[in-house]
Amino acid sequence: MSRAIPEITLNDGMTLPVVGLGTYNLKGSDGAASITSAIDSGYRLIDSAYNYENEGTIGEAVRRSTIPREELLITSKLPGRYQEYSKAVTTIQESLYRANLDYYDIYLIHWPNPKQDLYVEAWQALIDAKRWGLIRSIGVCNFLPEHLERLEKETGVKPSLNQIELHPFFNQEEQRKWHEENQIATESWSPMVRASEVFHNETLKRIAEAKHKSISQVILRWHYQLGAISIPKSASPERQRENISIFDFSLDDEEMRTIDGLTRPDGRLDDQNPAVYEEF
Ligand SMILES: NC(=O)c1ccc[n+]([C@@H]2O[C@H](COP(=O)([O-])OP(=O)(O)OC[C@H]3O[C@@H](n4cnc5c(N)ncnc54)[C@H](OP(=O)(O)O)[C@@H]3O)[C@@H](O)[C@H]2O)c1
């Protein structure tokens with residue numbers, strides 16, 4: 107089943123399916139059951155973060171699953187308050203202990219927090235943790251080109267991916283282009299705008315009806331055709347299946363342009379501009 111999800115290759119050779127599972131708020135035994143059902147349906151890439159307080163739940167789902175650990179791609183993220191080098195190393199170890207895993211497939215810096223100005227030393231900790239075998243692929247979230255350039259300039263190592271807010275109301279055209287030119291994969295967070303007004307949007311409704319698909323499927327197909335990896339979160343086995351059933355239709359150029367046209371300068375969900383916003 108997982109073979110039905112196409113894959114892309116990152117700049118370090120790691121391959122990832124183009125749709126993974128978001129897990130914000132999936133916790134405890136209900137969360138573990140939801141994540142297990144997603145794995146049973148064919149999800150292999152699972153997103154998580156130290157700050158979601160669900161690394162233990164993710165580890166439990168990995169152990170409950172009948173899919174071998176090496177076929178799963180587990181992600182976690184370093185919080186802003188632990189970006190100092192020694193704290194970052196300890197946090198990566200703590201993330202592993204919480205999940206009771208030997209390694210993460212992907213580990214990301216959660217926010218650049220530019221005013222704090224510690225993201226380069228946090229990045230050095232991820233580079234070293236990869237060398238020690240604790241992480242297979244290292245990347246970032248919410249980094250602007252100026253932050254990404256600095257990482258490579260000061261450490262010689264480029265992130266494999268950048269997980270950014272990306273959805274029809276905030277299409278990140280320039281940032282995506284920059285990623286493409288610099289061989290950094292784009293991963294979309296809140297790909298369905300957290301199921302907000304997007305499901306009442308008349309333009310999306312019209313395209314979904316024409317394709318005999320749901321609005322979520324049209325949106326997730328749009329991410330795929332943009333070349334982005336999306337990580338829709340759903341607790342429901344039915345909606346999880348719906349969200350990966352997007353490889354039997356396509357959007358034509360005009361439909362892609364129409365969805366692109368829904369973007370707005372103020373389209374971010376919570377006005378979290380990484381140039382100034384900081385999260386700890
Ligand atoms: N790096 C970062 O800074 C950052 C920031 C935010 C999020 N993230 C990651 O990105 C993931 C996804 O983002 P998100 O959770 O904010 O938002 P999202 O995936 O855009 O939307 C999730 C919402 O959509 C609903 N939903 C899912 N599938 C649906 C469907 N087919 N039809 C109708 N409703 C559906 C879910 O409800 P049900 O669960 O009831 O289905 C949930 O309320 C997060 O879970 C997290 O892993 C990362």
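Quick note on the working numbering: the sequence shown kicks off at 107 and runs consecutively.
Every residue gets a Cβ at the ideal spot worked out from N, C-alpha and C, and that includes glycine.
Here the structure is a predicted model, which means the values were calculated and not measured.
| query | result |
| --- | --- |
| Cutoff 8 Å; reference I233; Cβ partners in own chain excluding five residues on either side | I244, T261, V263 |
| Residues that P123 bridges to, as DSSP identifies them | E113 |
| Complete runs of the alpha helix (DSSP H) confined to the region 159 to 201 [at least 4 residues] | 161 to 170 |
| Short Cβ contact (9 Å threshold) for Y209 with I164 | no |
| Closer than 8 Å: G128 CB and nearest ligand 1 heavy atom | yes |
| C-alpha gap between R204 and G162, whole angstroms | 5 Å |
| M107 to R150 span [Cα, whole Å] | For M107, the predicted model reports a pLDDT of 42, less than 50, meaning its position is unreliable; a value from the coordinates is still stated below. Roughly 10 Å separates the two Cα atoms. |
| A314 versus P371 - alpha carbon distance | 25 Å |
| Euclidean distance between Cα positions of H216 and G367 | 28 Å |
| contact_flag[the region 166 to 181, the region 192 to 204] where n(CB pairs < 8 Å) is 3 or more | no |
| Expected contact under 8 Å - CB spacing of I350 and P297 to nearest Å | Contact flag wrong, Cβ pair sits at about 12 Å. |
| Cβ of I114 within 9 Å of any chain C Cβ | No chain C appears in the structure shown, which is made up of a single protein chain. |
| A381 classed as buried or exposed, judged by whether at least 16 other C-beta atoms fall within 10 angstroms | exposed |
| Expected contact under 8 Å - CB spacing of C247 and I270 to nearest Å | 7 Å |
| Coil, strand or helix - S336 by DSSP | strand |
| With 16 other Cβ atoms within 10 Å as the buried cut-off, status of S135 | exposed |
| Local conformation of F276 per DSSP, three classes | strand |
| A231 vs L202 beta-carbon contact at 9 Å | no |
| Any non-hydrogen atom of ligand 1 closer than 8 Å to N248 Cβ | yes |
| Assigned exposure category for S294 - 16 Cβ within 10 Å defines buried | buried |
| Nearest-angstrom Cβ-Cβ length linking P343 and S147, presumed shorter than 8 Å | 7 Å |
| S243 Cβ short of 8 Å to ligand 1 heavy atom set | no |
| Continuous beta strand (DSSP E) stretch holding N379: start and end | Note, N379: premise wrong, no beta strand (DSSP E); not H, not E. |
| For G245, the three-state DSSP class (helix, strand or coil) | strand |
| W229: CB within 8 Å of a non-hydrogen atom of ligand 1 | no |
| Sequence-distant residues of the same chain with beta carbon closer than 6 Å to Y188, five excluded per side | A194, T197 |
| Whole-number beta carbon distance between L214 and S341, since they are thought to touch under 8 Å | The identity of residue 341 in the sequence shown is Ala, whereas the question assumes Ser. Wrong, their Cβ atoms sit about 23 Å apart, outside the cutoff. |
| Check whether L178 and I335 have beta carbons under 9 Å apart | no |
| T292 - partner residues in DSSP beta bridges | N268 |
| The alpha helix (DSSP H) enclosing D359, as first and last residue numbers | 359 to 366 |
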